[in-house]
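Residue numbers (the numbering used here): 6 to 449.
For glycine and all other residues, C-beta sits at the position ideal for the given N, C-alpha and C.
Treat the numbers as computed from the prediction; the structure is a model and nothing was measured.
Read through the structure below, which is laid out as structure tokens, and then see the notes.
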Amino acid sequence: MAATDVDIFPIEEKRTLDLGGRVGFDSLPDQLVSKSVTQGFCFNILCVGETGIGKSTLMNSLFNTTFETDEANHYQNGVYLRPRTYELQESSVQLKLTIVDTVGFGDQINKDESYKPIVDYIDSQFENYLQEELKIQRCLFDHHDTRIHICLYFIAPTGHSLKSLDLVTMKKLDSKVNIIPIIAKADTISKGELDKFKIKIMSELVSNGVQIYQFPTDDEAVAEINSSMNAYLPFAVVGSTEEVKVGNKLVRVRQYPWGVVQVENESHCDFVKLREMLLRVNMEDLREQTHVRHYELYRRCKLEEMGFKDTDPDSKPFSLQETYEAKRKEFLGDLQRKEEEMRQMFVSKVKETEAELKEKERELHDKFEQLKRLHQEEKKKMEEKRRDLEDDLNAFNRKKMAAETLQAQSLQGSSQQPLKKDKDKKNFFSLPSSCSLPSGRNLN
Ligand code: GTP
Ligand code: MG
């Protein structure tokens with residue numbers, strides 16, 4: 006269809022014409038500026054660095070204000086990110102600034118996973134933006150864009166080399182965010198050591214394939230300053246909240262018994278260079294790079310994961326409708342398969358439980374039968390014992406009656422003839438037939 010259109014309407018060649026006078030579209034850049042100023046800007050900074058390395062102080066120094074700060078302790082179980090958003094205004098320009106801090110970074114004994122919460126945070130901001138873009142009723146104009154535009158990576162001023170935590174973290178982040186490495190608390194390291202440290206850091210970054218943000222040199226207006234500033238990376242910075250009067254100007258300083266370090270003095274540290282590059286020259290490039298490079302990569306991977314492509318295997322434009330249908334079918338198939346698996350599992354579980362119950366029932370029945378047998382045997386034995394006891398009792402009673410009869414006879418005889426006495430004595434233990442116990446009598 007598209008090919009036929011092209012055949013019918015070939016693209017016309019462009020011709021250059023002269024205007025007879027001013028018509029007004031040269032004000033388009035001004036219109037854009039005015040619209041952007043009305044809309045306001047947003048800028049999101051991620052500060053990655055160990056606890057107490059000077060993140061908050063540097064932010065306060067950079068924006069010449071005092072942001073809220075809660076000191077972190079060194080006993081966090083893991084790393085988490087703390088975003089805070091502020092509305093700032095300079096002249097007529099409104100800036101919605103979000104500063105994201107890493108809390109607990111570098112404090113754990115096992116630091117293998119320290120980079121993960123940072124990566125997850127960056128990805129989830131991309132995901133929020135993508136979800137907004139994919140909505141039918143998009144509201145990107147009003148949407149608070151929280152994608153991270155710059156990651157300031159704070160390096161401890163050891164003078165030795167980068168820690169493996171720094172290398173691993175920067176490597177994991179470099180495809181997701183613009184990274185500017187900075188040497189924090191640069192006032193604590195001598196000038197000679199600092200120069201060597203900078204060279205060491207850059208060579209370690211290069212040998213480990215870590216891509217840091219390079220100030221762009223394609224725009225003529227800033228090419229010169231940017232290319233000269235690239236040579237100063239990583240910036241060695243000093244931050245302070247203390248201000249003293251130098252001449253008739255209040256300046257931020259760090260005071261020591263042997264002298265004063267001025268934060269904004271270029272011969273003392275690179276703070277001014279950082280502020281110049283970050284806020285005054287390249288802020289828009291950082292925003293743009295975030296959108297066209299890092300977010301684009303995230304978006305592409307995500308959409309490919311979801312099955313969307315630009316072209317099909319025959320290099321023809323891929324239909325969104327077809328992709329959707331195919332994905333839907335795949336999803337429904339998956340769902341049915343899972344449902345069937347769950348059903349089978351349920352049936353086999355029920356069968357298993359049923360068999361277990363039957364086995365238990367059989368065991369109980371056997372036990373009952375055995376107890377019943379034992380009980381009957383016991384009963385039989387008791388019955389026999391009872392009979393024996395009855396017999397014994399009968400015999401005893403017979404003997405008792407005989408004895409009583411004899412006793413009575415002997416008492417009678419003693420008063421009549423002595424001869425009969427002997428005869429009775431002889432028969433004492435042979436019971437007369439009339440002395441048996443009545444047969445129905447028992448112990449109970
Ligand atoms: P958490 O948020 O608690 O992780 O700390 P943080 O990284 O925000 O550090 P913060 O800015 O609170 O500074 C910690 C300490 O370091 C404070 O005592 C600061 O005065 C000091 N500090 C900050 N910046 C510098 C610096 O450039 N040089 C020196 N020597 N000390 C600094
Ligand atoms: Mg802090």
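{"Query": "CB of Cys144 within 9 Å of CB of Asn183, strictly", "Result": "no"}
{"Query": "Pairwise C-alpha distance: Asn115 and Gln81", "Result": "12 Å"}
{"Query": "Any non-hydrogen atom of the ligand MG within 8 Å of Lys334 CB", "Result": "no"}
{"Query": "Euclidean distance between Cα positions of Gly338 and Thr316", "Result": "24 Å"}
{"Query": "Contact belief for Thr295 with His154 at Cβ below 8 Å, rounded distance in angstroms", "Result": "5 Å"}
{"Query": "Reduced DSSP category for Leu86 - H, G, I as helix; E, B as strand; rest coil", "Result": "strand"}
{"Query": "Near the ligand MG: Glu2 beta-carbon under 8 Å from a heavy atom", "Result": "Summary: the structure shown does not reach residue 2, with the chain confined to residues 6 through 449, and so no result is reported for it."}
{"Query": "Cα-Cα separation between Arg403 and Ser420, rounded to whole angstroms", "Result": "26 Å"}
{"Query": "Within the stretch 216-295, ranges of the alpha helix (DSSP H) (whole runs, at least 4 residues)", "Result": "225-235, 276-280 and 288-294"}
{"Query": "Cβ contact check for the stretch 73-87 and the stretch 291-311: 3 or more pairs under 8 Å", "Result": "no"}
{"Query": "Ranges of the alpha helix (DSSP H) found wholly within the stretch 75-155, counting only runs of at least 4", "Result": "121-139"}
{"Query": "Chain-order list of residues whose beta-carbon lies under 8 Å from that of Ser444 (same chain, five-residue window excluded)", "Result": "Per-residue confidence for Ser444 stands at a pLDDT of 49, beneath the threshold of 50, marking its modelled position as unreliable; no derived number is given."}
{"Query": "N- and C-terminal bounds of the alpha helix (DSSP H) containing Asn399", "Result": "Leu325 to Ser419"}
{"Query": "Contact test: Lys190 Cβ vs the ligand MG heavy atom, cutoff 8 Å", "Result": "no"}
{"Query": "beta-carbon Asp106 near the ligand GTP non-hydrogen atom, thresh 8 Å", "Result": "yes"}
{"Query": "Delimiting residues of the alpha helix (DSSP H) encompassing Leu308", "Result": "Glu301 to Glu310"}
{"Query": "heavy atom of the ligand PLP below 8 Å from Lys250 C-beta", "Result": "This structure lacks the ligand PLP; its bound ligands are the ligand GTP and the ligand MG."}
{"Query": "Cβ of Asp224 within 9 Å of any chain D Cβ", "Result": "In the structure shown, chain D cannot be found, because there is only a single protein chain."}
{"Query": "Met311 versus Glu327, Lys332, Tyr300 and Val268, residue with shortest Cα-Cα distance", "Result": "Lys332"}
{"Query": "Beta-carbon proximity check, Val243 vs Lys190, cutoff 9 Å", "Result": "yes"}
{"Query": "Stretch-stretch touch, CB-based, cutoff 8 Å, three pairs: the stretch 266-275 with the stretch 230-245", "Result": "yes"}
{"Query": "Pick from Tyr91, Asn69 and Asn235 that is closest to Phe46, judged by C-alpha positions", "Result": "Tyr91"}
{"Query": "Contact the stretch 34-54 vs the stretch 87-105: 3+ CB pairs below 8 Å", "Result": "yes"}
{"Query": "Segment contact flag, the stretch 215-225 with the stretch 250-265, C-beta cutoff 8 Å, min 3 pairs", "Result": "no"}
{"Query": "Burial state of Asp224 (16 or more Cβ within 10 Å)", "Result": "exposed"}
{"Query": "Boundaries (first-last residue) of the beta strand (DSSP E) holding Val53", "Result": "Phe46 to Val53"}
{"Query": "Candidates Lys377, Arg89, Thr174 and Glu132: closest to Leu302 by CA position", "Result": "Glu132"}
{"Query": "First through last residue of the beta strand (DSSP E) which encompasses Ile187", "Result": "Ile184 to Ile188"}
{"Query": "Cβ pair Tyr85, Leu178 closer than 9 Å", "Result": "no"}
{"Query": "Ser61 Cβ short of 8 Å to the ligand MG heavy atom set", "Result": "yes"}
{"Query": "Residues near Pro162 in its chain [Cβ-Cβ closer than 7 Å; skip 5 each side]", "Result": "Ile188, Ala189, Lys190, Ala191, Thr193 and Ile194"}
{"Query": "Straight-line gap, Pro453 to His149 (C-alpha atoms, nearest Å)", "Result": "The displayed coordinates of the chain run from 6 to 449. Any statement about residue 453 would go beyond what the structure contains."}
{"Query": "Helix, strand or coil at Leu210 according to DSSP, with G and I counted as helix", "Result": "helix"}
{"Query": "Length of the line joining the Cα atoms of Arg285 and Gln94", "Result": "15 Å"}
{"Query": "Which residues DSSP lists as bridging Leu157, in chain order", "Result": "Cys52 and Ile185"}
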